[in-house]
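Asks: Note that the protein sequences, when read in sequence, are chains A and B. So for the first sequence, this note's numbering puts the first residue at 1; every next one is plus one. So for the second sequence, this note's numbering puts the first residue at 1001; every next one is plus one. Idealized CB from N, CA, C, for every residue including glycine. Dumping the structure here so I can ask a few things about it.
Protein chains: 2
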Amino acid sequence: MPGKSPSRSRAGRLVVLDGAGRGRSRARKDKGVVWLVGAGPGDPDLMTVKAVRLLQGADVVVHDRLTPQPILDLAGADARLIDVGKRKSRHTLPQEGINELLVGLALQGLKVVRLKGGDPFIFGRGGEEMSACRAAGVECHVVPGVSAGLAAGAASGAPLTHRGLAQSVTFVTGHAASGGEPDLDWASLARVNQTVVIYMGLSTAGRIATRLIEAGRAPSTPAVVVESASLPHERRLATTLGRLEESVAGLDGPAILIVGEVAALADVEHQAKDKDPRQHGDERKHA
Amino acid sequence: MPGKSPSRSRAGRLVVLDGAGRGRSRARKDKGVVWLVGAGPGDPDLMTVKAVRLLQGADVVVHDRLTPQPILDLAGADARLIDVGKRKSRHTLPQEGINELLVGLALQGLKVVRLKGGDPFIFGRGGEEMSACRAAGVECHVVPGVSAGLAAGAASGAPLTHRGLAQSVTFVTGHAASGGEPDLDWASLARVNQTVVIYMGLSTAGRIATRLIEAGRAPSTPAVVVESASLPHERRLATTLGRLEESVAGLDGPAILIVGEVAALADVEHQAKDKDPRQHGDERKHA
């Protein structure tokens, strides 16, 4: 477990020393609680009011490596921050370790905010953390957030559903547990009149596009790529399914791929091939 | 167009009289703008910080009948509120009328906030309003929000994606344009290892369940129904696909149906048949 261990003071109260050596006390009888909080796509203004309030009142904030600093800055001055994705060179703390950390902190009587990018229940593994809390008898609440896919739609002007173009939207992950190709139902995803939103799909974009085309989706199907949606360095580019792989070649941040006819409505005027998408980072106007 | 028409004052400035007869002036040279703002599922605390700020600074707020009063109360005292779904006995303002209203207000130089329940781009018809603004040369921005499906997952403790249970999630609408059965791809939706989130599906729940079962989804597939997610009168109940129709029989508010193996993780302990779901309205704890 990262950070220092809690110790009992002479007064019989639990004292937690944070990294800076500050001591904070908390009555032992306090019941700990874990809040799984959706932090939204990255812009602090796209956090919910509830998320901000909980962050400000937390004893401990458990977050990932990619959590933007302006969001972490909202935590109270006394709060202990634990980065469970810090050790970039080694492995990050495995999910089971995070589960144990959350339970352990709550059992110390602490108010724990577990910040999840986007929404805790959409590719956030929030369900696993919730289940671990339940199994340990720890009170656990979930606060929904603006998932990155929704932020990418808003930022690019691509409505995820739209009359006549998409009567449903499916969220999938391009991440493959094996490191290879994601195991998705390509035939279903290849059907028209729906939008497919792909999370964590940069490295597998080429294989995803190939499978969708093999399953019958036209290579000319419009697509939009939004990197770092809602952040100052956000980039958006318009492309097609057939050119998806080459289009994402220069990107390396967290990105959302939106595939479907709705992507033609995006206000990203220039094709990836024609112009450097970096020049469009500030165009967020849909007029 | 609801509300009074704008008129020009002698000073050559545009004066808008709101319903209470108050006059507010605005320099004609001001450029109008339309913000399509996701208001979240209903709880004002689940609005984004940005949505609250825009609402507070709006000249005009265009909203629907179901927008909760505590959200409307966040608008500035001088803001004009226009309910485009007010006339319940007659037809509500058709979508084309709303589009024209937004454009007309912006062309008067006003800062217009168009509040959309949940997220503007998930079954919110926000794309149509955005397109209308564009066509008229009106500046338009989209602010994503917490879609009701995400709020329903968080409230019930049903993760929309979960390792081993659901590697994708599809959002569909149960609303049928014809008033009959929604035209959905039942074979795709019937596959296991995915979650189906149904918006506006109360009246068609029986037909949806029948089609999914015919297409191969087991009648024993767990399902959760969340009515008025995040609001004080929220109700949640656990059921199965085979019993979905009878389970929703007593509900009449806006509801989200979550169908899939993840629904078994919901903390709604009692089946709809065994106990009145109204008794569970306050259980939002997932311990």
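1. Give, in chain order, every residue of the stretch 55–85 of chain A whose Cβ lies closer than 7 Å to some Cβ of chain B.
2. Could you tell me whether any Cβ in chain A is nearer than 8 Å to the Cβ of D1252/B?
3. Can you tell me where the alpha helix (DSSP H) holding A1148/B begins and where it ends?
4. Step through the CB atoms of chain A and report whether any lies within less than 8 Å of the CB of D1045/B.
5. Report the residue from P182/A, S203/A, G180/A and L212/A whose alpha carbon sits nearest the alpha carbon of L189/A.
6. If we call anything under 8 Å between Cβ atoms a contact, is T48/A one with V1197/B?
7. Within the same chain, show all residues whose beta-carbon is closer than 8 Å to that of A1187/B, passing over the 5 residues directly before and after it, in chain order.
8. What are the start and end residues of the beta strand (DSSP E) that includes S168/A?
9. Give me the residue from A1077/B, R1125/B, L1081/B and G1117/B with the minimum Cα distance to N1099/B.
10. Anything in the stretch 144–160 of chain A with a Cβ closer than 7 Å to a Cβ of chain B? List those residues in chain order, please.
11. Note down the Cα distance separating K31/A from L105/A, rounded to an integer number of angstroms.
12. Take the Cβ of L1066/B as the centre, count every other Cβ of all protein chains shown within 10 Å, and call the residue buried at 16 or more, exposed below.
13. Going by beta-carbon coordinates alone, are A1155/B and S1230/B separated by less than 8 Å?
14. Does the structure place the stretch 1167–1175 of chain B close enough to the stretch 124–138 of chain A that three or more beta carbon pairs sit under 8 Å?
15. Please check if any C-beta of chain B sits within less than 8 Å of the C-beta of M130/A.
16. Taking G97/A as part of the alpha helix (DSSP H), name the residues at either end of that continuous run.
17. Give me the Cα-Cα distance between D1119/B and L101/A, rounded to the nearest whole angstrom.
18. I1122/B CB to nearest chain A CB: under 8 Å?
19. In this structure, how does DSSP classify E261/A when only helix, strand and coil are distinguished?
20. Starting from K31/A and walking both ways along the alpha helix (DSSP H), at which residues does that stretch end?
21. Hey, which unbroken runs of the alpha helix (DSSP H) at 4 residues or more fall wholly within the stretch 1166–1236 of chain B?
22. Between the C-alpha atoms of R1024/B and D1078/B, what's the straight-line distance to the nearest angstrom?
23. Where does the unbroken beta strand (DSSP E) through V248/A begin, and where does it stop?
24. Let's test the definition: count the other Cβ atoms within 10 Å of the Cβ of S247/A and tell me whether it reaches 16, buried, or not, exposed.
25. Measure from the alpha carbon of T239/A to the alpha carbon of each residue in E139/A, A266/A, F121/A and Y199/A, then state which is nearest.
26. Under 8 Å between C-beta atoms, does D30/A make it to chain B?
27. Within 8 Å (strictly less), CB to CB, does G1023/B reach chain A?
28. What is the DSSP secondary structure of D83/A, reduced to helix, strand or coil?
29. Strictly below 7 Å CB to CB, what residues from chain A border T1204/B?
30. Would you verify that the beta carbon of G1113/B is, or is not, closer than 8 Å to some beta carbon of chain A?
31. Considering only the beta carbon of each residue, do V225/A and A255/A sit closer than 8 Å?
32. Chain A beta carbons: is any one of them nearer than 8 Å to that of G1104/B?
33. How would you write the range of the beta strand (DSSP E) that V52/A sits in, first residue to last?
34. Answer with yes or no whether the minimum CB distance from L1110/B to chain A is below 8 Å.
35. Quick one: which chain A residues come within Cβ less than 8 Å of L1241/B?
36. Check the Cβ of K116/A against every Cβ in chain B and list those closer than 9 Å, keeping chain order.
Replies: On the basis of the supplied data:
1. none
2. It does not: the Cβ of D1252/B has no partner Cβ on chain A nearer than 8 Å.
3. A1148 to S1156
4. yes
5. Of the candidates P182/A, S203/A, G180/A and L212/A, the one whose C-alpha sits nearest the C-alpha of L189/A is L212/A.
6. no
7. So the qualifying residues of the chain are A1215 and G1216.
8. S168 to T173
9. R1125/B
10. P144, G145, V146, S147, L150, A151, G153, A154, G157, P159 and L160
11. 11 Å
12. exposed
13. yes
14. no
15. yes
16. Q95 to L107
17. 33 Å
18. yes
19. helix
20. Here K31/A belongs to no alpha helix (DSSP H), and DSSP marks it neither H nor E.
21. 1186–1189 and 1205–1214
22. Residue placement at R1024/B is poorly supported in this model, since its pLDDT is 44, which falls under 50; the coordinates are not used for a value here.
23. Looking at the DSSP string, V248/A is not in any beta strand (DSSP E), and its letter there is neither H nor E.
24. buried
25. A266/A
26. It does not; no Cβ of chain B falls within 8 Å.
27. Unreliable placement is indicated for G1023/B, whose pLDDT of 38 sits below 50; the coordinate value is still reported in the next sentence. So no, G1023/B is outside the interface.
28. strand
29. Per Cβ cutoff of 7 Å: no residues; T1204/B is ~14 Å from chain A at best.
30. Sequence check: residue 1113/B is Val here, not Gly. Not one chain A Cβ lies under 8 Å of V1113/B.
31. yes
32. no
33. First-last for V52/A: V49 to G57, but that is the alpha helix (DSSP H), not the beta strand (DSSP E).
34. no
35. Ordered by position in chain A, no residue passes the 8 Å Cβ test against L1241/B, which lies about 18 Å from the chain.
36. Within 9 Å Cβ-Cβ: nothing; K116/A doesn't reach chain B, min ~11 Å.
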